[in-house]
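Okay, so here's the structure we're looking at.
Number of protein chains: 2
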Amino acid sequence: MRIGELAERTGTSRRLLRYYEEQGLIIASRGANGYRDYDEPTVDRVIQVRGLLDAGLPTRIIKQILPCLDKPRAIYFPDATPEMIATLEQERDRMARRAECLLRNRDAIAEYLDAVREYNRV
Amino acid sequence: MRIGELAERTGTSRRLLRYYEEQGLIIASRGANGYRDYDEPTVDRVIQVRGLLDAGLPTRIIKQILPCLDKPRAIYFPDATPEMIATLEQERDRMARRAECLLRNRDAIAEYLDAVREYNRV
DNA sequence: TCGAACCCTCACATACATGTGAAGGTCTAC
DNA sequence: GTAGACCTTCACATGTATGTGAGGGTTCGA
Chain A
1 MRIGELAERT GTSRRLLRYY EEQGLIIASR GANGYRDYDE PTVDRVIQVR
51 GLLDAGLPTR IIKQILPCLD KPRAIYFPDA TPEMIATLEQ ERDRMARRAE
101 CLLRNRDAIA EYLDAVREYN RV
Chain B
1 MRIGELAERT GTSRRLLRYY EEQGLIIASR GANGYRDYDE PTVDRVIQVR
51 GLLDAGLPTR IIKQILPCLD KPRAIYFPDA TPEMIATLEQ ERDRMARRAE
101 CLLRNRDAIA EYLDAVREYN RV
C-alpha cells in the first residue's frame, strides 16, 4: 500500500511515517516511480511504534527492541551482543516500572472519580 | 529544605525543580532571603511527577491529575467540574492503555531474552 | 574578611517528535 | 490534455522537557 493508505489506517501523518522510516522503525520498498510501498504487517508495526512513543520511549530505544517483537524470530541470536542484552534487560525493567507507575496513578484517579460520584449521588 | 537537598534526594536538577514549580506541579514557600523552602511531602511529589513524565504524560495533564492523588482529599468535590471529570476519565483510560502496551512489550522482551539465554546455554 | 558553596533570575541552547509548506513529479478520470 | 489527487524531497517552525551559563545576592566557616 502507499503512504496515504497507511497514514489513514494507522491514524498517523505522512510526515511521521517518513520520519519513522528515517529513524529505522519501519521499512518501505519503492515503486518504479519512487513511491513508498508498504506491506500489510507495517500497519501493526506503526501502531506498536505509536504506542511505545506515547508511553515515553524514544525512537532510539524503540528501534532496539523492535527486532525482539517479530513473531518468527527474524533476529539471529548469535547477533545479540552482551551490550544489547544488557540494554534490553534494562529497558524491560524500566518498562515494568513505568507500567507500575501508570497503574498506580490510574487506580488513584479511579478511586477519586468513585468518591466524586458518591458525593454527587447523595 | 532548600532546593539543593531536594535535588539530591529526588535525583532531579535544580533547574527542573524550578521548572516544575513554574508549571504548577510543586509549590515552595520562600525564606526572607528569597530562597525556596520545601516541605517533606514534596520529595514524594517530585518522584511521582518524574514517574509520570517518564511515562509520557505532559506537565499540563500531570497538573490536572495531581490533586486527585493527595491522601487527605485536598480538593473539594464540588469544585470538580464536568469537564474536569471527563478529562480525568479520559486520562485514566489512556494510562491503562499505555500500561497495557508497556506490559505487552515488556513480556515480549522478556520472552526474547529467555530464548537467547536458552540458545546460549546449549 | 575572604572564599566556597549555596541561592536567585534570566536567557539562550538542545533534542525530540511533530507540523507546515514549497517546488516539483506521477497517475487517473474526464 | 488538463485538473486534481496523489507522491517525492527539503527546509523551516513549534512545543516540551531539559542543559548551561552569566550576573549577582546570601551564608558560613577559616
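Quick note, the sequences are listed as chains A and B, same order. For the first sequence, the residue numbers in our numbering are 1 to 122. For the second sequence, the residue numbers in our numbering are 1 to 122. Just so it is clear, CB atoms sit at the ideal spot from N, CA and C, and this is done for glycine as well.
Straight-line spacing of the CA atoms in ILE61/B and GLY51/A works out to 18 Å.
According to the DSSP secondary-structure assignment, ARG14/B is paired through a beta bridge with no residue. At a cut-off of 7 Å between beta-carbon atoms, VAL116/A makes contact with chain B. Within a 10 Å sphere around the beta-carbon of GLY34/B sit fewer than 16 other beta-carbons, which makes this residue exposed.
For THR10/A and LEU66/B, the gap between their C-alpha atoms comes out near 32 Å. Taking the Cα positions, ARG98/B is about 26 Å away from TYR38/A. Excluding the 5 residues flanking it on each side, VAL43/B has same chain C-beta neighbours closer than 7 Å at LEU6, ARG9, THR10, in chain order. For ILE62/B, the uninterrupted alpha helix (DSSP H) run begins and ends at 59–69, by DSSP. Using beta-carbon distances, MET1/A does not count as an interface residue toward chain B, since no partner is under 7 Å. ASP39/B carries a coil assignment under DSSP once its states are collapsed to helix, strand and coil. Ranked by how close their Cα comes to the Cα of MET1/B, the residues GLN23/B, PRO41/B, ILE47/B, ALA96/B have PRO41/B in first place.
GLY24/B is classed as exposed because its beta carbon has fewer than 16 other beta carbons within 10 Å across all chains shown. Of the residues assessed, ASN120/A falls on the exposed side of the cut-off, its CB having fewer than 16 other CB atoms within 10 angstroms. At a cut-off of 7 Å between C-beta atoms, ILE65/B counts as an interface residue with respect to chain A.
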